[in-house]
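With full-length UniProt numbering applied, the sequence shown corresponds to residues 1 to 489, in that order. In this text, a Cβ means the ideal position worked out from N, Cα and C, and glycines have one as well. Computed from a prediction, not measured in an experiment: that's the story for all the values here. First comes the structure, then the notes that go with it.
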Amino acid sequence: MLLQIWKPSQRISLILDTGSSSLSFPCNGCKDCGIHMEKPYNLNYSKTSSILYCNKSNCPYGLKCVGNKCEYLQSYCEGSQIYGFYFSDIVTLPSYNNKKKISFEKLMGCHMHEESLFLHQQATGVLGFSLTKPNGVPTFVDLLFKHTPSLKPIYSICVSEHGGELIIGGYEPDYFLSNQKEKQKMDKSDNNSSNKGNVSIKLKNNDKNDDEENNSKDVIVSNNVEDIVWQAITRKYYYYIKIYGLDLYGTNIMDKKELDMLVDSGSTFTHIPENIYNQINYYLDILCIHDMTNIYEINKRLKLTNESLNKPLVYFEDFKTALKNIIQNENLCIKIVDGVQCWKSLENLPNLYITLSNNYKMIWKPSSYLYKKESFWCKGLEKQVNNKPILGLTFFKNKQVIFDLQQNQIAFIESKCPSNLTSSRPRTFNEYREKENIFLKVSYINLYCLWLLLALTILLSLILYVRKMFYMDYFPLSDQNKSPIQEST
C-alpha cells in the first residue's frame, strides 16, 4: 500500500503488517539499506518533518537516546533487525473512493540499517497495524481512528494473488463469495501475470454529510452481519486467535486441543508447529510426482493403503482419487529450496480446514496456501520460528479478514478480492527510474557493461596467451648464416 509523507509529499510504498506496531522506512543517508520501490525518504525535502533529538535520557515513551537522537529499533521473529532514529511528520492516507484524505502527525522510524529479508523486499517500508501498548509510541491504527471519529473502529484486508484492498471503517459485503451471483474463478489474465501487487485503500465513512462518493452502500458496515462468525482476540495489543483443529481429508492432524496463532499480514507464509508441518508435508509429498515416466514410483503410490499411511485418513478414497487424477492429468511437481513442493496446476490438490470457535470450519483452498512462482504453484507453509505460530498472507489470500477493534474480534470470509497491480499505478517523483544492485550500489545497466568489459578483457588475454604458446620464432643455425659465395671462397 502507499502512504504520503509531506509537505511536499513523498510517496512511500509499505508492507501492511498486522503483526507489528511501527511505521518506518529507509531515510536519506542510510548506507546499510536495500534498494526498494522508492528512494529513501529525504527529511530535507519536507517542511513539516522534525527529528526527535535528545540529551542523554529525555526521550519520550521510554526510548533510548543514541547519538543525540531517540533510537528506533525493531526486531523480528526470524532474527533480523532494523534500526535508526525517530522523527515526526504529517502522514496522509490516500483513498481511491473518497476525495477527503485523512492526515495526522505521526512518530516514525528512519532506517539507518537493514538486514536479512528487508534488504531484498520490494516495498520501501513497513506500516504496523497493531495496537498501542501502555506508555508506548502511539500506533498508526490508533491515531487513525482517533483523528477520524466518523469512522467505525473496524478495518478489513482483502488480499488476492496480485494485490488487494484495505477497507477502513468497515468491510465490503459485495466481495463476499456468498453474496455474488456466480462464483467464478479469478481472471485468467490475472493468474498468469508476473506483476507484483499493491494494496489500495477504501474509506467507509459513517458521516452521511460527506461527498456523494460516500453513498449508502459505503455507509453501512455490512448487510450480512448475522452470517459472520467472529473469533475472539485472545491477547492485548496483538491479533491472536485460537485454532482448535486442522483437517486434511477429514482427519485432524493437530495433536493439541488448541493453538494460539498470530494473525499477521506482514508474514508472507503461514508458520505452523513442526509436527503439524511434517504431517501435511507427508501427504503432499505423496501427491508430488516429478517424473511421470517413472512407473515404479507411480505404482508404489497407487498401491498405498489407508493402513500404510502415517495417519489414516477419514476420506482416504478422495485422497486416492486425487492421486490418480494428478497422474492422469500429468500435474507435474518439482521441489525447490528446502524441499518445498511446486505443482503445475492447482487441480486435485486438497483443501485444508481450520477449526475455529463453535466448531466452525474455515476452508483453506490450494489457491490460498499455495503461491504463484513463475508457472508453478508452490507451498506457502513453513515451520514456525521461536515457538511462534503465524497465520500469514497465505491464509489471508482470497479472504476478507475483518478486524473489529471495538468488540475485540476477527472474522474470515471467503471473498473475491480485487487485484491492484503495482505496474498500473502512477509513478512518483521519488521512485527509482533505474534499479540499482543492492550490494554494489550501481545501476544494473552499468553493472552489465562492467561485466561485458571484464569478459572481453579475459577473452583477449586468453587469445594472446594461446597465440604466444603456438607462435615459434625461426632462428637459423650459425652455418646457415653464411651465403653460398662465402662458402666457395
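Checklist entry - Phe403 lies in the beta strand (DSSP E); which residues open and close that run? => result 399-404
Checklist entry - When DSSP labels each residue in this structure, what does Thr457 get in the three-state scheme? => result helix
Checklist entry - Do the segment 267-279 and the segment 154-167 make contact, defined as three or more Cβ pairs closer than 8 Å? => result no
Checklist entry - Do Asp17 and Gly392 have their CB atoms nearer than 7 Å? => result no
Checklist entry - Hey, how far is the Cα of Ser9 from the Cα of Glu414? => result 36 Å
Checklist entry - Across which residues does DSSP place Thr92 in a beta bridge pair? => result Gln4, Ser103
Checklist entry - Buried or exposed: which applies to His271, given that a residue is buried once 16 or more other Cβ atoms fall within 10 Å of its Cβ? => result buried
Checklist entry - Which stretch, first to last residue, makes up the beta strand (DSSP E) that contains Val263? => result 259-263
Item to check | Classification of Ser222 by the beta-carbon crowding that lies within 10 angstroms, buried from 16 upward | outcome: For Ser222, the pLDDT reaches just 36, beneath the cut-off of 50, and the residue's location in the model is therefore unreliable, although a value from the coordinates is still provided. Looking at its Cβ environment, which holds 16 or more other Cβ atoms inside 10 Å, Ser222 is buried.
Next on the checklist: Here's the rule I'm using: 16 or more other beta-carbon atoms within 10 Å means buried, otherwise exposed. How should Gln406 be labelled?
Outcome noted: exposed
Checklist entry - Are the CB atoms of Phe395 and Cys342 nearer to each other than 7 Å? => result no
Checklist entry - So which of Ile228, Asn306, Tyr238 has the shortest CA-CA distance to Asp318? => result Asn306
Item to check | Leu349 in three-state terms, based on DSSP | outcome: coil
Next on the checklist: Using the Cβ count rule (16 or more neighbours within 10 Å means buried), how would you classify Lys256?
Outcome noted: exposed
Checklist entry - For Gly29 and chain B, any beta-carbon pair shorter than 7 Å? => result Considering every chain present, this structure includes no chain B. It has just one protein chain.
Checklist entry - What number of angstroms, rounded off, separates the C-alpha of Gly163 from the C-alpha of Gln74? => result 26 Å
Next on the checklist: Judging by CA-CA distance, which residue of Lys69, Tyr86, Met261, Thr92 is the nearest neighbour of Leu2?
Outcome noted: Thr92
Checklist entry - Along the chain, which unbroken stretches of the alpha helix (DSSP H) at least 4 residues long are found entirely within the segment 129-166? => result 140-147
Item to check | Through-space distance from His113 to Cys54, alpha-carbon basis | outcome: 20 Å
Checklist entry - Under 7 Å between the Cβ atoms of Ser24 and Val159? => result no
Next on the checklist: Pop quiz: Glu258 and Lys242 are said to be a contact at Cβ under 8 Å. What is the actual Cβ separation, rounded to whole angstroms?
Outcome noted: 5 Å
Checklist entry - Using DSSP with H/G/I as helix, E/B as strand and the rest coil, what is Tyr465? => result helix
Next on the checklist: Could you tell me the alpha carbon to alpha carbon distance between Ile51 and Lys361, rounded to whole angstroms?
Outcome noted: 49 Å
Checklist entry - From Asp260 to Leu352, what does the alpha carbon distance come to, in whole angstroms? => result 18 Å
Checklist entry - Given that a residue counts as buried once 16 or more other Cβ atoms are within 10 Å of its Cβ, and exposed if not, what is His111? => result buried
Item to check | Per DSSP, cross-strand counterpart(s) of Leu381 | outcome: Thr270
Next on the checklist: Nearest by alpha-carbon distance to Glu161: which of Leu464, Lys397, Gln409 is it?
Outcome noted: Lys397
Checklist entry - Ordered along the chain, which non-local residues of its own chain (more than five positions away) have a Cβ less than 6 Å from that of Cys141? => result One point to set straight first is that residue 141 is Val, not Cys, in the sequence displayed. Excluding residues within five positions, the ones whose Cβ falls inside 6 Å are Phe129.
Checklist entry - With Tyr72 and Tyr61 assumed to form a contact (beta carbons below 8 Å), what rounded beta-carbon distance in angstroms separates them? => result Contact doesn't hold; Cβ gap of about 11 Å is too wide.
Checklist entry - How far does the alpha helix (DSSP H) with Glu317 in it reach, from first residue to last? => result 316-328
Item to check | Own chain partners of Trp230 with C-beta closer than 6 Å, once the 5 adjacent residues on each side are dropped | outcome: Gln409, Ala411
Checklist entry - Between Asn386 and Pro418, what straight-line distance do the alpha-carbon atoms span, to the nearest angstrom? => result 34 Å
Checklist entry - Would you report the Cα separation of Phe145 and Phe104, rounded to the nearest angstrom? => result 11 Å
Checklist entry - In or out: Tyr296 buried (at least 16 other Cβ within 10 Å) or exposed? => result exposed
Checklist entry - Going by DSSP, what residues sit across from Pro173 in a beta bridge? => result For Pro173, which the question treats as bridged, DSSP gives no partner whatsoever.
Checklist entry - Within 10 angstroms of its Cβ, does Thr124 collect 16 or more other Cβ (buried), or is it exposed? => result buried
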